[in-house]
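Asker: Numbering (the numbering used here), first residue to last: 136 to 249. Heads up, the beta-carbon is just placed ideally off N, CA and C, and yes, glycines get one too. Owing to the predicted nature of the structure, the values given are computational and were not obtained by experimental measurement.
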């Protein structure tokens, strides 16, 4: 579930507002997106993936809200950690080529000659 929008890191691009499939965010009056409908969060991580400055933290618990402090998340390197884990962002290496589904697809293509 979405837990944090870092006001310090956010650049007011509103990408999270645009990509959220369940319309959890609203553009804030000051430009910083607001978590307006937290209970609608499906923990899909789309907002975190598309945030260009790692200003979001989505906890992996879809059904349970957890108390987190931004300073603790920042010092632990957890802001934007999902995005980093999949290799999205400048200077990061994509992990898609090691995904089991991709490897199976690649093997099937070799067998069929495609």
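Of the choices 204, 184, 161, 191, whose alpha-carbon is the least far from that of residue 224?
Answerer: Of 204, 184, 161, 191, the residue nearest in Cα terms is 184.
Asker: State the Cα-Cα distance for the pair residue 187 and residue 174, rounded to the nearest angstrom.
Answerer: If you take the alpha carbons of residue 187 and residue 174, they lie about 24 Å apart.
Asker: Check each candidate in 198, 207, 153 and name the one with the smallest Cα separation from residue 181.
Answerer: 153
Asker: On the CB-based measure, 16 or more other CB atoms within 10 Å of its CB, does residue 240 come out buried or exposed?
Answerer: exposed
Asker: Work out the CA separation of residue 178 and residue 171 for me, nearest whole Å.
Answerer: 15 Å
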